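Here's the structure, in structure tokens; my notes come after.
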DNA sequence: CATGCTAAAGATAATTATTATCATATCAAG
DNA sequence: CTTGATATGATAATAATTATCTTTAGCATG
Ligand SMILES: [Mn+2]
Ligand SMILES: [Mn+2]
Ligand SMILES: [Zn+2]
Ligand SMILES: [Zn+2]
């Protein structure tokens with residue numbers, strides 16, 4: 001788990017920049033740093049955590065900017081919010097289809113892929129409900145570290 | 149969707165009462181009302197929403213009691229918290245295995261069952277991560293009502 | 001490469017969601 | 001009915017997120 005090293009960062013940054021241009025979003029220093037930090041994070045950080053990490057390099061950034069920027073990115077489909085059981089929102093820049101395991105003890109979130117599931121058709125009753133845009137699996141359990 | 153009328157309420161209340169006794173939880177008026185309200189709700193209400201509904205019948209109840217009681221119930225496995233993308237926690241008393249569809253427009257949460265999925269084995273990599281206790285699917289999309 | 005328009009950032013404060021503290025009330029055992 | 005432990009309600013605190021408003025800085029244009 002979590003050993004799939006993220007696609008090359010420089011490539012992601014280039015794509016990010018052009019996506020901003022396309023979406024009429026200004027490519028600011030803050031946005032670049034927030035995106036970069038999230039893109040290289042493997043732990044699905046919350047806004048507060050991202051803020052702490054970015055502050056080291058960019059001490060003038062405000063927490064509010066992090067929140068607003070994440071919301072903007074999400075709206076434009078540049079990042080996504082991870083479904084969780086806690087009250088704090090968690091984010092990721094990895095947009096490739098994958099799923100999550102959450103440790104109910106330490107709150108860590110890890111990725112896993114399951115193409116077999118991705119290819120399966122949803123049960124018929126779901127079609128009546130409306131139009132599904134994302135299929136996420138959220139496993140909950142106790143990670144190896146927490147199980148000691 | 150959502151047409152599976154909840155198992156008979158009286159039965160749920162009886163089971164709830166004996167579960168409380170077994171767990172050394174006092175069977176208070178408030179706990180009964182909170183559980184009853186949640187058991188008959190089909191919409192996975194947040195604490196605030198439950199509070200509003202219960203207040204009509206029990207005007208002296210406090211929001212804090214609702215929060216504490218839900219936390220207690222959850223700890224004892226009497227109810228569960230629904231994974232969501234929003235910052236407000238949502239709950240349900242239905243403990244039978246099932247999954248959720250979330251409307252990203254109106255925030256409504258509906259149930260669906262998928263025994264085919266429930267019986268499938270998880271991919272091998274997950275076993276290395278730790279011990280999984282719950283497998284939830286969270287579909288995100290636009291419900292028929294919101295799609296107009 | 002200066003100028004000006006406009007979106008974005010930062011400071012500040014306000015909301016919203018949830019949790020803690022503590023005095024009083026209530027459950028349930030004897 | 002008395003008693004002792006627990007739960008509740010009042011109050012206040014904390015955590016998470018969002019709004020307002022002034023200043024700053026992308027970036028298009030000449
Ligand atoms: Mn992920
Ligand atoms: Mn449900
Ligand atoms: Zn853990
Ligand atoms: Zn809807």
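Protein chains in written order, with this note's numbering: chain A, 1 to 148; chain S, 149 to 296. Note that CB positions come from ideal geometry on N, CA and C, so glycine has one too. Keep in mind it's a predicted model, so treat the numbers as computed, not measured.
Best match in the options for proximity to residue i [C-alpha to C-alpha]
i                      : options                       : result
residue 95 of chain A  : A/131, A/113, A/21 and A/143  : A/113
residue 182 of chain S : S/162, S/206 and S/190        : S/206
residue 44 of chain A  : A/12, A/7 and A/93            : A/93
residue 268 of chain S : S/222, S/289, S/178 and S/283 : S/283
residue 276 of chain S : A/111, A/78 and A/137         : A/111
residue 231 of chain S : A/15, A/12, A/61 and A/137    : A/137
residue 234 of chain S : A/123, A/71 and A/28          : A/71
residue 76 of chain A  : A/18, A/7, A/60 and A/29      : A/18
residue 190 of chain S : S/209, S/287 and S/155        : S/155
residue 178 of chain S : S/161, S/159 and S/214        : S/214
residue 288 of chain S : S/209, S/263, S/270 and S/247 : S/247
residue 271 of chain S : A/148, A/116 and A/23         : A/116
Contact set between residue i and chain S, taken where Cβ atoms lie within less than 8 Å
i                      : result
residue 106 of chain A : By Cβ distance, chain S contributes nothing, its closest Cβ being about 10 Å from residue 106 of chain A, past 8 Å.
residue 112 of chain A : 271, 273, 274 and 277
residue 81 of chain A  : 233
residue 101 of chain A : 274, 277, 278 and 280
Amino acids of chain S, ordered along the chain, whose beta-carbon sits closer than 9 Å to that of residue i
i                      : result
residue 75 of chain A  : The contacting residues do not exist; residue 75 of chain A stays about 11 Å from chain S at best.
residue 142 of chain A : 278, 279, 280 and 281
residue 69 of chain A  : Residues of chain S passing the Cβ test: none, with the nearest at roughly 17 Å.
Own chain partners of residue i with C-beta closer than 7 Å, once the 5 adjacent residues on each side are dropped
i                      : result
residue 294 of chain S : 251, 253 and 254
residue 274 of chain S : 280
residue 236 of chain S : 194
residue 16 of chain A  : 35 and 78
residue 97 of chain A  : 118
residue 201 of chain S : 185
Cβ-based neighbour list, residue i, same chain, cut-off 8 Å, excluding 5 preceding and 5 following
i                      : result
residue 9 of chain A   : 36, 39 and 40
residue 63 of chain A  : 47, 48 and 51
residue 3 of chain A   : With a pLDDT of 45 at residue 3 of chain A, under the threshold of 50, the modelled position of that residue is not reliable, and no figure is offered here.
residue 26 of chain A  : 20
residue 74 of chain A  : 80, 81 and 91
residue 291 of chain S : 249, 251, 253, 254, 256 and 258
residue 161 of chain S : 180, 183, 184 and 187
Per-residue DSSP class, three states only, for residue i
i                      : result
residue 27 of chain A  : coil
residue 75 of chain A  : helix
residue 287 of chain S : strand
residue 3 of chain A   : Note that residue 3 of chain A scores 45 on pLDDT, short of 50, meaning its location in the model is unreliable and no value can be drawn from it.
residue 232 of chain S : strand
residue 279 of chain S : strand
residue 18 of chain A  : helix
residue 210 of chain S : coil
residue 216 of chain S : helix
residue 108 of chain A : coil
Other residues of its chain near residue i: CB distance less than 6 Å, five sequence neighbours each side excluded
i                     : result
residue 32 of chain A : none
residue 5 of chain A  : Because the pLDDT of residue 5 of chain A is 49, which lies under 50, any placement of that residue in the model is unreliable, and the question is left without a value.
residue 23 of chain A : 76
Contacts of residue i in chain A (Cβ-Cβ under 8 Å)
i                      : result
residue 285 of chain S : 135, 136, 137 and 138
residue 241 of chain S : By Cβ distance, chain A contributes nothing, its closest Cβ being about 16 Å from residue 241 of chain S, past 8 Å.
Under 9 Å from the C-beta of residue i: neighbouring residues of chain A
i                      : result
residue 237 of chain S : 85, 86 and 87
Neighbouring residues, chain A, relative to residue i (Cβ below 7 Å)
i                      : result
residue 244 of chain S : In chain order: nothing, as chain A lies at least about 16 Å away.
Residues that residue i contacts on chain S, provided the C-beta gap is smaller than 7 Å
i                      : result
residue 156 of chain A : Absent from the structure is residue 156 of chain A, since the part of chain A shown begins at 1 and ends at 148.
**Report entry** Ranges of the alpha helix (DSSP H) found wholly within the segment 182 to 208 of chain S, counting only runs of at least 4
**Finding:** 195 to 205
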